[in-house]
Amino acid sequence: MKTHTKTSKFIHWTFSLLYAYGIFKQVEELDQLNNPSILMVEIVFAGIFLGIVFIRYFYMKDVDTLLGAKVEIPKGHLFIAKTIHRLVYLTLILLPTTGLIIAALFAYSLPGINFAVAIHEFSAFLSYALIGIHIVASIYSRLKGEGVWDAMVPIWKEKEKIDSEILSNLETIENKVYKKTEEIFKIK
Ligand code: HEM
Ligand code: HEM
676 MKTHTKTSKF IHWTFSLLYA YGIFKQVEEL DQLNNPSILM VEIVFAGIFL
726 GIVFIRYFYM KDVDTLLGAK VEIPKGHLFI AKTIHRLVYL TLILLPTTGL
776 IIAALFAYSL PGINFAVAIH EFSAFLSYAL IGIHIVASIY SRLKGEGVWD
826 AMVPIWKEKE KIDSEILSNL ETIENKVYKK TEEIFKIK
């Protein structure tokens, strides 16, 4: 059975903690940036965060998506999973970048800061939505016992597929979505 490397797992889980820390320790309001030590800590954190996102992206970019799957994965499914992963990376780049832009506009008293804060807040919202979808999809795959969960998550190891009517109804809808995706994006 294929599994993600120890390094991939280490990066995935330590980075998840870094992301959670970034979200929880967020700046509450613009005025806080008048405190030079808060401003400095934010800039250093955003720089480190951005650096790690790039290292991770280049480390992971050639690794197969849904690597642990024991079942055949429809092309439409792979396409959706890859797209969500790429969009997650996009939000992880947008968050620190727009944060650094806010810092620069603030430090040099330049105009446009409200707009930069709006994009920053939108990036945060987008990251919650995408990572929410990512986690729900992972749990769904875990219930189906496809092998994808075990390849990345060290706990709650998979058993055989759960026999449930709800799951099989969901699978019917799921397969229709993949077929439609393959048609729309002309995936062969
Ligand atoms: C309870 C939380 C989480 C669970 C259960 C989970 C589960 C998984 C699983 C099973 C995979 C493997 C998918 C594959 O083989 O293609 C994966 C990959 C991935 N996860 Fe998560 N994840 C969680 C949290 C997060 C968070 C917080 C982020 C972003 C900050 C994230 C970003 C990614 C990305 C980008 C990938 C693709 C592989 C990579 O580039 O590292 N995940 N996750
Ligand atoms: C990786 C780095 C960062 C993360 C993960 C992050 C995350 C967040 C989050 C989640 C919010 C709340 C958004 C919302 O209410 O929907 C926020 C707001 C904010 N962040 Fe960041 N941020 C980062 C870097 C920065 C930097 C470098 C600055 C500037 C020095 C900054 C300044 C602000 C400001 C001014 C707000 C808005 C406060 C308000 O609503 O008035 N952030 N950030």
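First residue of the sequence shown? That's 676 in my numbering, and the numbers climb one at a time after it.
No residue lacks a Cβ here, since even glycine has one placed at the ideal position from N, Cα and C.
Less than 8 Å between the CB of G774 and some heavy atom of ligand 1, yes or no?
-> Counting from 1 along the sequence shown, the entry for residue 774 is found at position 99. Residue side-chain check: G774 keeps its Cβ at 8 Å or more from all non-hydrogen atoms of ligand 1.
Looking at C-beta atoms only, is the number of pairs between the region 778-790 and the region 732-751 that lie closer than 8 Å three or more?
-> A contact between stretches requires three or more CB pairs, one per stretch, nearer than 8 Å, and the region 778-790 fails this requirement with the region 732-751.
Mind checking P771: buried by the 16 CB within 10 Å criterion, or exposed?
-> Numbered from its first residue, the sequence shown carries residue 771 at position 96. A residue is called buried when at least 16 other Cβ atoms come within 10 angstroms of its Cβ; P771 meets this threshold and is buried.
Just list the alpha helix (DSSP H) runs in the region 690-768, keeping only unbroken ones of 4 residues or longer that don't cross its boundaries, in chain order.
-> The region 690-768 contains these whole alpha helix (DSSP H) runs: 711-735.
Can you grab the Cα-Cα spacing for the pair T758 / P711, in whole Å?
-> Counted from its first residue, the sequence shown places residue 758 at position 83. Counted from its first residue, the sequence shown places residue 711 at position 36. Going from the Cα of T758 to the Cα of P711 covers about 39 Å.
Is I794 closer than 9 Å to T766 when the C-beta atoms are compared?
-> Taking the sequence shown and counting its residues from 1, the one referred to as residue 766 is at position 91. Taking the sequence shown and counting its residues from 1, the one referred to as residue 794 is at position 119. No, the Cβ-Cβ distance between T766 and I794 is not below 9 Å.
Whole-angstrom distance between D739 and T641, CA atom to CA atom | Absent from the model: residue 641. The displayed extent of the chain is 676 to 863, so no value can be given.
Secondary structure at H795, three-state DSSP: helix, strand or coil?
-> Translated into positions along the sequence shown, residue 795 becomes position 120. Looking at H795 - three-state DSSP - the assignment turns out to be helix.
Given a cut-off of 9 Å, decide if K750 and E857 are closer than it, judged by their beta-carbon atoms.
-> Position 182 of the sequence shown holds residue 857. Position 75 of the sequence shown holds residue 750. It is a contact, given that the beta carbons lie within the stated cut-off.
Would you mind giving the Cβ-Cβ distance between M735 and S816, rounded to the nearest angstrom? I have them listed as a contact below 8 Å.
-> To locate residue 735, count along the sequence shown from 1; it is residue 60. To locate residue 816, count along the sequence shown from 1; it is residue 141. Going by Cβ atoms, the distance from M735 to S816 rounds to 18 Å, so no, they are not a contact pair.
Which runs of the alpha helix (DSSP H) spanning at least 4 residues fall entirely within the region 775-843, listed in chain order?
-> Runs found: 788-819.
So is the beta-carbon of I806 under 8 Å away from any non-hydrogen atom of ligand 1?
-> Counted from its first residue, the sequence shown places residue 806 at position 131. In terms of side-chain proximity, the C-beta atom of I806 is found nearer than 8 Å to a non-hydrogen atom of ligand 1.
Near ligand 1: G743 beta-carbon under 8 Å from a heavy atom = Residue 743 sits at position 68 when you count from the first residue of the sequence shown. Distances between the C-beta of G743 and the heavy atoms of ligand 1 include at least one below 8 Å.
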